[in-house]
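In the numbering used here, the protein residues as written are 84 to 525.
Please read the structure below before turning to the comments.
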């Protein structure tokens, strides 16, 4: 049986990936290309050759300053970005199988800087306007940091007991330690950002109108996709059929000490199947094993060559003991007296029956409607994603209400949500500047 994950992230001690000497040696391998393909591959356009050059000379503080110009969450990106498909995948040295380990270097710089507090951003005077950010995931945190640096008073409204969104309650501890997330959030708070936790916006909390009445000039919706999609087959409401994101959220709450072990929907000895082929499916599968499941099998409708998860995540899952059932479609779930017993699926060998205690589905998600249903003038498309415009970037069909990240169906990862949020923050800056000018002229 696998070892149970600790219920306290404070007990987690993460080993450093590099020593100072190793990081400097790795940085010195960089060719400092005139046309850096690594930078082109980075969604936030991080000036990778420049900060790696500073690192190669041992200038950690200066390297961190360069990273901060483009990223508000470097310690997070250094751990969870899809480096193999982005910066590292575009490194010219990769043609020889020797790409610079950019992700590990970014993590090293962020961690080293945090341990010594080599640089801290000055707090800008907040005299350019007020912005409310709804949601504290990667998009919300990024926009808050960007706007605070530019002189806006920013307040974040988060419905959970801790900020961080998917970073805190969606990505497992072994991939992203929560003390790292808290450290990054503290840096954003030090810019003058106020975070209100256990504060909902929608039916059970503030409405959009309430926020405008509180004096905010603009509102940024960064609520992500909080409504997991169901597998539309018979028996999908049996208690043992759960959403993978629900499992990961419960696991995060348990690890933070907010709920008991019994509330996590995977128990020691369970036979678990995970439906899906993305990184969320890999996270759920590996986490289920760590929580003591007797066996964990990923069910995917395609073959291994078309798996959407990162190759490294798949290989880690295999190494840890996760099994894979390829080219398989679940047709119906089976139960006895309201208890899940298994499922029938179409496989390459025909229709087969599988026994299961828990099935976790990871087949995508859609935005929750609680904010839209309590607000006038915010239009969504047929799938529930908020419609936005290009000028000013990110503004919805309601004046002053912006949206970005997963809630608009643009990003596909943490760093893509950050990329979109940076663009939206520029749109908010443009909008409020024009608004203030018009107020002066009236």
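Don't be surprised by glycine CBs; every beta carbon is placed ideally from N, CA and C.
- Under the DSSP assignment, residue 514 falls in the alpha helix (DSSP H) whose first and last residues are 497-524.
- Between residue 139 and residue 113, the C-beta gap is smaller than 8 Å, which places the two residues in contact.
- If the five residues before and after residue 417 are omitted, its C-beta is found closer than 8 Å to the C-beta atoms of 318, 423, 424, 425, 426, 427, 436, all from its own chain and listed in chain order.
- Membership of residue 292 in the alpha helix (DSSP H) is indicated by the continuous run 291-296.
- Pairing residue 410 with residue 384 gives a Cβ-Cβ distance under 8 Å.
- For the options 215, 482, 221, 137, the alpha carbon positioned closest to that of residue 503 is the one of 221.
- Two segments are said to touch when three or more pairs of C-beta atoms, one from each, lie closer than 8 Å; by this definition the segment 465-476 does not touch the segment 330-337.
- The segment 503-513 makes contact with the segment 218-235; the number of CB pairs closer than 8 Å reaches 3 or more.
- When DSSP states are grouped into helix, strand and coil, residue 186 belongs to the helix group.
- Residue burial annotation: residue 373 is buried, with at least 16 other C-beta atoms found within 10 angstroms of its C-beta.
- Annotated three-state conformation of residue 132 is helix, per DSSP.
- The Cβ neighbour count for residue 280, taken over all protein chains shown within 10 Å, is under 16; the residue is labelled exposed.
- Listed in chain order, the beta strand (DSSP E) elements of length 3 or more contained wholly in the segment 421-475 are 422-430, 433-438, 441-444.
- DSSP places residue 408 within a strand segment (E or B) once states are collapsed to three.
- Between the alpha carbons of residue 421 and residue 405 lies a distance of about 28 Å.
- Assignment of residue 416 by DSSP, reduced to helix, strand and coil, places it in the strand class.
- At the C-beta level, residue 254 and residue 163 come within 8 Å of one another.
- CA-to-CA, the gap between residue 214 and residue 487 works out to about 14 Å.
- About 14 Å separates the Cβ atoms of residue 127 and residue 168, ruling out a contact at the 8 Å cut-off.
- Here the alpha carbon of residue 285 sits roughly 5 Å from the alpha carbon of residue 453.
- Secondary structure of residue 378 (DSSP, three-state): strand.
- Residue 358 and residue 244 have their C-alpha atoms spaced approximately 29 Å apart.
- Beta-bridge partners of residue 311 (DSSP): 448.
- The closest CA to that of residue 262, considering only 322, 197, 316, is found on 197.
- DSSP, read as helix, strand or coil, puts residue 337 in helix.
- In this structure, DSSP gives residue 147 a helical state, which the three-state scheme calls helix.
- Inter-residue distance for residue 371 and residue 392 is about 17 Å (C-alpha atoms, whole angstroms).
- For residue 133, the closest alpha carbon among the candidates 178, 185, 177 is that of 185.
- Beta-bridge partners assigned by DSSP to residue 302: 215, 484.
- With respect to residue 445, residue 364 sits close: the two C-beta atoms are nearer than 8 Å.
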